[in-house]
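Just so you know, we're using UniProt numbering here: the sequence shown kicks off at 1 and counts up by one.
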Amino acid sequence: MKIEVNNLSKSYKSTKALDHVSFTLSEPKIYGLLGRNGAGKTTFMEILSGHILASDGEILIDGENPFDNQRLTESICLIKEGDNFKRDLKVKNVLRIYAYFYPTWDQELADELIKEYNLNLNAKVKALSKGMASALGIIVGLASKAPITIFDEPYIGLDAAARKKFYDILLEEYEAEKRTIIFSTHLIDEVSLMFEEVLILQDGKLIMQEEADTLRDQAYAVSGQVEDVEQFIADKEVIQSKQLAGMMTAYVYGHIEQATSAGLTAEGIPIQELMIYLTETKGA
Ligand SMILES: Nc1ncnc2c1ncn2[C@@H]1O[C@H](COP(=O)(O)OP(=O)(O)OP(=O)(O)O)[C@@H](O)[C@H]1O
1 MKIEVNNLSK SYKSTKALDH VSFTLSEPKI YGLLGRNGAG KTTFMEILSG HILASDGEIL
61 IDGENPFDNQ RLTESICLIK EGDNFKRDLK VKNVLRIYAY FYPTWDQELA DELIKEYNLN
121 LNAKVKALSK GMASALGIIV GLASKAPITI FDEPYIGLDA AARKKFYDIL LEEYEAEKRT
181 IIFSTHLIDE VSLMFEEVLI LQDGKLIMQE EADTLRDQAY AVSGQVEDVE QFIADKEVIQ
241 SKQLAGMMTA YVYGHIEQAT SAGLTAEGIP IQELMIYLTE TKGA
């Protein structure tokens, strides 16, 4: 489904949570939506899911506004950090409700995931541990098979092994059947390799939308004698640098040819380091 975001703004009194944001997500991909605390990510995802109204501008999904739009909302599944489900419901009833709501629901996958995460179907939501409640959210998000599935920091309380399981299954399901997945997280180093396209919000503004592969080409590590590297990086945007025994390595924002043509040794740097750098400093 095509998502068009046109001049989208959302204000809460004097806070501009989103400030004239425009972009298009034109095909099913795994999108990473990144940004520091308060950048506007959750606000965007809530508007996209039809839960809240924009103050100005619009989001169109295949040309339609998602707010109060039943046909569209059954194509969108938003899983948040917590409080996804009514606390007095039993797990099995939560699953029944979502199975009824989503025409694309995959019961076989839901059953498999319940076993994987060892969830007690008869437990009430309010009796679940934080990790178990997150597992239930992840199960609903994956099994919904919604053409637009949105995960907003969905794994509070889940340990590293349970998170890895989630990433593995998400990728498996995505490979079997492509859909639009929007993933917002602060655990960038864990998931950066999954992203096909990355969007970065800062203070309510979109500061970057880039294919992950292109991003990988936008920074490099350059090494050599301290004086040579220092001279080379003097007029460059440096991410970080370290020195050891007269040698220096610097992570530089730019194209690798700059370094190779200067006769220095250069190689790519891990995408997560670049993303962390961009979310922390770009536009600041
Ligand atoms: N319901 C609300 N009432 C008032 N202000 C709000 C409300 N929701 C969000 N905000 C403000 O809007 C801004 C954007 O918040 P939002 O939750 O969208 O950011 P975020 O990028 O999801 O942050 P985080 O990574 O911390 O979850 C923040 O300044 C926040 O305080």
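For each residue, glycine too, the CB sits at the ideal point set by N, CA and C.
Within the chosen limit of 6 angstroms, ligand 1 reaches the beta carbon of residue 37 through at least one heavy atom.
Cβ-Cβ distances below 6 angstroms link residue 53 to 67 in the same chain, with the five nearest sequence neighbours on each side left out; the list follows chain order. Distance between residue 136 and residue 51, taken at the CA atoms: about 20 angstroms. Here residue 201 is buried: its Cβ has 16 or more other Cβ atoms, across all protein chains shown, within 10 Å. In the displayed model, residue 65 falls within coil according to three-state DSSP, outside both helix and strand. In the structure shown, residue 24 adopts extended strand secondary structure according to DSSP, grouped into three states. About 27 angstroms separates the CB atoms of residue 72 and residue 91; that is not less than 8 angstroms, and the two are not in contact. For residue 54, the secondary structure class from DSSP, reduced to helix, strand or coil, is coil. DSSP, read as helix, strand or coil, puts residue 241 in strand.
For residue 228, the secondary structure class from DSSP, reduced to helix, strand or coil, is helix. In the same chain as residue 185, and ignoring 5 residues on each side of it, the C-beta atoms closer than 7 angstroms to its own belong to 153 and 191, in chain order. In the structure shown, residue 13 falls within a coil segment according to DSSP collapsed to helix, strand and coil. A Cβ-Cβ separation of about 5 angstroms places residue 19 in contact with residue 205 under the 8 angstroms criterion. For the set 70, 208, 179 and 114, the Cα lying nearest the Cα of residue 162 is the one of 114. Shown here for residue 109: same chain residues with a beta carbon closer than 6 angstroms to its own, the five before and five after excluded, namely 143 in chain order. In the DSSP annotation of this structure, the continuous segment of the beta strand (DSSP E) that includes residue 152 starts and ends at 148–152. Closest by C-alpha distance to residue 77, out of 35, 146, 239 and 9, is 146.
Leaving aside the five residues that flank residue 126 on each side, the residues in its chain whose CB is nearer than 6 angstroms to its CB run, in chain order, 87. One alpha carbon belongs to residue 268, the other to residue 179, and they sit about 30 angstroms apart.
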